[in-house]
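> In this note's numbering, the protein residues as written are 124 to 430. C-beta: ideal position from N, C-alpha, C; glycine also.
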């Protein structure tokens, strides 16, 4: 069942569109029709649709801004423009504004409309898959290095604007190489996935947990009420990771060394901030691991926990 939102004010054109989709496609379409862009945007905010068929000449909207408004309300939904004007330049601009296709009403084979909807949905899914692969770690599903950097830049800007500190943590697993050497890389991969789940459980949904590569992770804590709360989270993480993992019938004991820096107390550009967190992480390693160290502050750590 393909759920389509049809935004069309002309009754004749709307009926023709519905007839074409019902008569010339092997898929079953469930069509919801509205006559104004306002009604369409309201529905997109409440319900889930697989695609939008959009007329560019509506009582409350006209032309390419119509596509932009739909895209702004629901960026991931594929849009097929239905127009009474055969204009290649307009068609190209519609696609550049976010539409997946541009069809002229009454032209082409009747099956073309159904095929255009199917292709639009598949193209949008392919785009989303490529975007996901470019921004998320394929093994753990965490944010990757590239997206993490973007989020850190945005978090720093919000921190300055809202006058709220953010915590930046750089984490490196202790004894991970020994697990790989002893049990193999499949076990190592399973361990990285299990660590990722524990890290996410230690923070809020609004925080960012990223895998930078290998056994190195980073965390951004936003909207914290005090510096001490950042250190409380760091302690929680060391205790969580120190709890043995049950994987493939084995008890796996590791630790984590965490470097912490707090912005804007540590008021430096992104790369310098990351270097400070990295330096603090190595200080935590020097303390014996399974501890955390706060950059440019009195050393704060938890004692080694039992493996």
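Could you please give the first and the last residue of the uninterrupted alpha helix (DSSP H) stretch that includes residue 279?
Unbroken alpha helix (DSSP H) run through residue 279: 268 to 285.
> Could you spell out where the beta strand (DSSP E) holding residue 382 opens and where it closes?
Looking at the DSSP string, the run of the beta strand (DSSP E) that includes residue 382 is 378 to 386.
> Assign residue 130 to one of two classes, buried (16 or more other C-beta atoms within 10 Å of its C-beta) or exposed (fewer than that).
It is buried - the Cβ of residue 130 has at least 16 other Cβ atoms within 10 Å.
> Going by DSSP, which residues form a beta bridge with residue 341?
Answer is 293 and 333.
> Could you tell me how far apart the beta carbons of residue 364 and residue 321 are, in whole angstroms, since I believe they sit closer than 8 angstroms?
Confirmed, about 6 angstroms.
> When the Cα of residue 464 is compared with those of 224, 372 and 138, which residue comes out closest?
Past the boundaries of the shown model lies residue 464; the chain is included only from 124 to 430, so the question cannot be answered.
> Is it right to say residue 151 is buried, meaning 16 or more other beta carbons lie within 10 angstroms of its own, or is it exposed?
Exposed, since its Cβ has fewer than 16 Cβ neighbours within 10 Å.
> Who are the near neighbours of residue 278 in its chain, counting only those whose CB is closer than 7 angstroms to its CB and skipping five residues on each side?
Cβ neighbours of residue 278 beyond the five flanking positions: 289, 343 and 345.
> With C-beta atoms as the reference, is residue 306 less than 9 angstroms away from residue 375?
In this structure, residue 375 lies closer than 9 angstroms to residue 306 by Cβ.
> In its own chain, which residues sit with a C-beta less than 8 angstroms from the C-beta of residue 436, not counting the 5 before and 5 after it?
Only positions 124 to 430 of the chain appear in the structure, and residue 436 is not among them; the question remains open.
> On a CA-only basis, which of 392, 386 and 402 is nearest residue 380? Give me that one, please.
Per the Cα distances, 402.
> What residues in its chain sit with their C-beta under 6 angstroms from that of residue 333, if we drop five residues either side in the sequence?
For residue 333, where only same-chain residues beyond five positions count, the Cβ hits under 6 angstroms are 265, 266, 271 and 341.
> In the DSSP assignment, the alpha helix (DSSP H) including residue 242 goes from what residue to what residue?
From DSSP, the alpha helix (DSSP H) with residue 242 extends over 234 to 258.
> How about residue 244 and residue 125: do their beta carbons lie closer than 9 angstroms?
Closer than 9 angstroms, so yes.
> With DSSP collapsed to three states, give me the class of residue 299.
Helix, per DSSP.
> So is residue 415 buried or exposed if we call it buried at 16+ other beta carbons inside 10 Å?
By the neighbour-count rule (16 or more Cβ atoms within 10 Å), residue 415 is buried.
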